[in-house]
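First comes the structure, then the notes that go with it.
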């Protein structure tokens, strides 16, 4: 659904922003 896709994009954007603040090591762990 469109709503699900929009929510997914919002979560992805928020996650990327958080990863920037936490640093690459945290992003690497999350990628597992």
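In the numbering used here, the protein residues as written are 1121 to 1152. Think of the CB as a built atom: it goes at the ideal place given N, C-alpha and C, for glycine as much as any other residue.
Rounded C-alpha distance that separates residue i from residue j
i	j	result
residue 1125	residue 1132	10 Å
residue 1136	residue 1121	23 Å
residue 1143	residue 1123	30 Å
Residue i and residue j closer than 8 Å at C-beta
i	j	result
residue 1150	residue 1134	no
Residues of its chain near residue i, where Cβ-Cβ distance is below 6 Å and the 5 sequence neighbours each way are ignored
i	result
residue 1128	none
Cutoff 7 Å; reference residue i; Cβ partners in own chain excluding five residues on either side
i	result
residue 1146	1139
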